[in-house]
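Enquirer: Oh and the sequence shown: position 198 is 197 in numbering that gives the first Met the number 0, straight run, nothing missing. All C-beta atoms, glycine included, are put in the ideal place defined by N, C-alpha and C.
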Amino acid sequence: MSDLALDADAAQLAVEHGYEQGWSDGLPLVPATQPLVDRFLAAGGRAADEIIGHMPQLDRSVTVELAAINAAMAGCKPEYFPVVLAAWEALMNERATKGGGWQSTSGPAPLIIVNGPIRNELGFNAAGGVFGPGFRANATVARAIGLIVRNVFGVRPHELEQATQGVPGRWSLCIAENEEESPWAPLAEERGVAGNAVSATLLRTCEYVDNRHTTDPEQVLADFADTIGRSGSWIFRHAMAGVVFCPEHAQLLASAGFSRADVAAWLAERAGRTTQQLAQAGKDHSTEAGVRFPGTGAGSEEFQRTMAPGAESTMLIAVAGARNAGISMVVRYFADWTGTPVAIRGQSSHA
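1. Would you kindly work out how many angstroms separate the C-alpha atoms of ARG149 and ARG94, rounded to a whole number?
2. For the beta strand (DSSP E) holding VAL61, just list the boundary residues, first then last.
3. Considering only their Cβ atoms, is the gap separating ALA199 from PRO387 smaller than 8 Å?
4. Going along the chain, which residues of its own chain have a beta-carbon closer than 6 Å to the beta-carbon of ALA324, five neighbours each way excluded?
5. Could you tell me the boundaries of the beta strand (DSSP E) in which THR200 lies?
6. According to DSSP, simplified to helix, strand and coil, what is THR313?
7. Classify PRO156 as helix, strand or coil using the three-state DSSP reduction.
8. Might you give, ordered along the chain, the residues of its own chain that have their beta carbon closer than 6 Å to the beta carbon of ASP48, omitting 5 neighbours on each side?
9. Is it right to say THR274 is buried, meaning 16 or more other beta carbons lie within 10 angstroms of its own, or is it exposed?
10. Starting from the Cα of VAL166, find the closest Cα among PHE123, LEU121, ARG203 and give me that residue.
11. In three-state DSSP terms, what is ARG72?
12. Tell me which residues share the same chain as ARG304 and place their Cβ nearer than 6 Å to its Cβ, disregarding the 5 neighbours each side in the sequence.
13. Out of THR295, ILE227, GLU179, point me to the one whose CA is closest to LEU266's CA.
14. Classify TYR332: buried if its beta carbon has 16 or more other beta carbons within 10 angstroms, exposed otherwise.
15. Taking buried to mean at least 16 other C-beta atoms within 10 Å of its own C-beta, is SER119 buried or exposed?
16. Please state the DSSP three-state secondary structure of LEU5.
17. Give the range of the alpha helix (DSSP H) segment to which VAL262 is assigned.
18. Is the stretch 206-225 close to the stretch 281-294, with three or more CB pairs under 8 Å?
19. Got a sec? Which residues, its chain only, sit under 6 Å from GLU179 by beta carbon, not counting five neighbours each side?
20. Could you tell me the alpha carbon to alpha carbon distance between PHE302 and SER285, rounded to whole angstroms?
21. Once DSSP output is grouped into helix, strand and coil, what is the label at ASP43?
22. When you compare the CB positions of ALA240 and ILE174, do they come within less than 8 Å of one another, or not?
23. Could you tell me the distance, in whole angstroms, from the CA atom of ILE144 to the CA atom of ALA70?
24. When burial is assigned at 16 or more other CB atoms within 10 Å of the CB, is THR96 buried or exposed?
25. Quick one: Cα of HIS248 to Cα of GLU206, how far?
26. My output table needs one value for HIS237: the three-state DSSP class, helix, strand or coil.
27. Taking the straight line between their C-alpha atoms, what separation do you get for ALA196 and GLY127?
28. Who are the Cβ neighbours of MET54 in its own chain at under 7 Å, not counting the five residues just before and after it?
29. The ligand ADP heavy atoms versus the CB of THR273: any closer than 7 Å?
30. Which runs of the alpha helix (DSSP H) fall wholly inside the stretch 112-196 and span at least 4 residues, in chain order?
31. I'd like the span of the alpha helix (DSSP H) that includes GLN303, first residue to last.
32. In whole angstroms, what is the alpha-carbon distance linking GLY74 and THR213?
33. Can the beta-carbon of ALA317 be found closer than 8 Å to that of GLU176?
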């Protein structure tokens, strides 16, 4: 870099131009020059005019080239672009993103989980501070998704976006799974896609669970079931949730004989509240459409499950973070999750 003639004033003008055009999410943008975009397209290995997403209510479509422009502006490296494309495809496979998810009053956040050798090749964080900042790959891949939604679909705050408050970290929830310290197979592999792959869904929120006071696996799981089952998270008859376990919790559960499926089944069966408990929050009954409302069940000890029967089959159970404390994260889906990963293709996938 020392022998390059850098023009800081020109760079500042380019940054301000991005703000003036309304392209920015509030942070400075990288100028998406044609040579840079061409490098992204080469890395992606797909036709520039290929349509990869459509929002029918707005009749707006995303092409590979438009995705490349926004990934470049987000600060991605070209070699990240196949991950962006896979994340976008995984999100567009979900029912909620093809409906009104991007414009919901909940302001949901995409959760992107990366598996495979590409995590280390591109520098994705899977360990300490995995939900936080500090790693270019994690931050810019997630930001690229946000810029695509903003600049191509036109979903912007105070315009087409209708979020009442929104979710903190709306465009920053991209993590890699800590496969090295996970006691289970990689999430994507267990879901049918081995190697480099992305899983993604929309979240209403994330809630950490701090449990480092017991080594009893059922006491640990009970803490998660209680968190998942709290009445404040329920709008409809059922709600969906998953868990990103820290390595310490995952290893504790696996050493006690719990598989991923066992954990999901245990939590799905026990997460919920009695009708009497729900009555205290005015949520003990639900309409045919599933919306909760006050009823007359104040004295009933009938147990109402948070998750619908069978929902454990698509309960997201991942492993990420450092092995330095018993702190894990409950992730609440915006609607549901198909449980289908997408393989990462292109130059950076080393397929």
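Expert: Here's the rundown:
1. The residue given as residue 149 occupies position 150 in the sequence shown. The residue given as residue 94 occupies position 95 in the sequence shown. ARG149 and ARG94: Cα-Cα distance of roughly 19 Å.
2. Residue 61 sits at position 62 when you count from the first residue of the sequence shown. Under the DSSP assignment, VAL61 falls in the beta strand (DSSP E) whose first and last residues are 59-62.
3. Past the edges of the chain, shown from 0 to 350, lies residue 387, and the structure says nothing about it.
4. Taking the sequence shown and counting its residues from 1, the one referred to as residue 324 is at position 325. Same-chain partners within the cutoff: ARG211.
5. Against the sequence shown, residue 200 aligns to sequence position 201. Its beta strand (DSSP E) spans residues 196-209.
6. Position 314 of the sequence shown, counting from 1, holds the residue named residue 313. Correct three-state label for THR313: helix.
7. Counted from its first residue, the sequence shown places residue 156 at position 157. Strand, per DSSP.
8. Sequence index remark: in the sequence shown, residue 48 carries index 49 (1-based). So the list reads THR62, once near-sequence residues are dropped.
9. Your numbering for residue 274 matches position 275 in the sequence shown. Answer is buried; the Cβ neighbour count reaches 16.
10. To locate residue 166, count along the sequence shown from 1; it is residue 167. For the residues PHE123, LEU121, ARG203, the minimum Cα distance to VAL166 belongs to ARG203.
11. The residue you call residue 72 lines up with position 73 of the sequence shown. Sequence inspection shows Met at residue 72; the Arg mentioned does not correspond to that position. Of the three classes helix, strand and coil, the one that applies to MET72 here is helix, per DSSP.
12. Taking the first residue of the sequence shown as position 1, residue 304 is located at position 305. Excluding residues within five positions, the ones whose Cβ falls inside 6 Å are GLY271.
13. What you label residue 266 is simply residue 267 of the sequence shown in a count that begins at 1. Ranking THR295, ILE227, GLU179 by Cα distance to LEU266 puts ILE227 first.
14. Locating residue 332 in the sequence shown gives position 333, counting from the first residue. Buried, because 16 or more other Cβ atoms sit within 10 Å of the Cβ of TYR332.
15. Taking the sequence shown and counting its residues from 1, the one referred to as residue 119 is at position 120. Strictly speaking, residue 119 in this sequence is Asn, with Ser absent from that position. Residue environment analysis places ASN119 among the exposed positions, since fewer than 16 neighbouring C-beta atoms fall within 10 angstroms of its C-beta.
16. Within the sequence shown, numbered from 1, the residue matching residue 5 stands at position 6. If DSSP states are grouped into helix, strand and coil, LEU5 belongs with coil.
17. Here residue 262 is taken as the residue at index 263 of the sequence shown, counted from 1. Counting along the chain, the alpha helix (DSSP H) containing VAL262 begins and ends at 259-269.
18. Too few Cβ pairs lie closer than 8 Å, so no.
19. Translated into the one-based positions of the sequence shown, residue 179 becomes position 180. Around GLU179: no qualifying Cβ.
20. Against the sequence shown, residue 302 aligns to sequence position 303. Against the sequence shown, residue 285 aligns to sequence position 286. Just so you know, the alpha carbons of PHE302 and SER285 end up roughly 14 Å apart.
21. Here residue 43 corresponds to residue number 44 of the sequence shown, with the count starting at 1. What sits at residue 43 in the sequence shown is Gly, not Asp. Reduced to three states, the DSSP call for GLY43 is helix.
22. Counted from its first residue, the sequence shown places residue 240 at position 241. Counted from its first residue, the sequence shown places residue 174 at position 175. Not a contact, by the Cβ cut-off of 8 Å.
23. Counted from its first residue, the sequence shown places residue 144 at position 145. Counted from its first residue, the sequence shown places residue 70 at position 71. Rounded to whole angstroms, ILE144 to ALA70 spans 8 Å at the Cα level.
24. Mapped onto the sequence shown, residue 96 falls at position 97. Buried: at least 16 other Cβ atoms inside 10 Å.
25. As a working mapping, residue 248 is identified with position 249 in the sequence shown. As a working mapping, residue 206 is identified with position 207 in the sequence shown. Taking the straight line from one Cα to the other gives about 15 Å.
26. To locate residue 237, count along the sequence shown from 1; it is residue 238. Three-state result, HIS237: coil.
27. Taking the sequence shown and counting its residues from 1, one reaches residue 196 at position 197. Taking the sequence shown and counting its residues from 1, one reaches residue 127 at position 128. Each residue's alpha carbon lies about 21 Å from the other.
28. For this step, residue 54 is matched to residue 55 along the sequence shown. Cβ neighbours of MET54 beyond the five flanking positions: PHE152.
29. Although the ligand ADP was asked about, the structure shown includes no ligands whatsoever.
30. If we require 4 residues or more, the alpha helix (DSSP H) runs fully inside the stretch 112-196 come out as 117-121, 135-150, 186-189.
31. Residue mapping note: residue 303 aligns to position 304 of the sequence shown, counting from 1. Segment 302-304 is the beta strand (DSSP E) holding GLN303; no alpha helix (DSSP H) there.
32. The count along the sequence shown starts at 1 and reaches residue 74 at position 75. The count along the sequence shown starts at 1 and reaches residue 213 at position 214. Using only the alpha carbons, I get a separation of about 42 Å.
33. The residue you call residue 317 lines up with position 318 of the sequence shown. The residue you call residue 176 lines up with position 177 of the sequence shown. Going by beta carbons, ALA317 and GLU176 fall inside the 8 Å limit.
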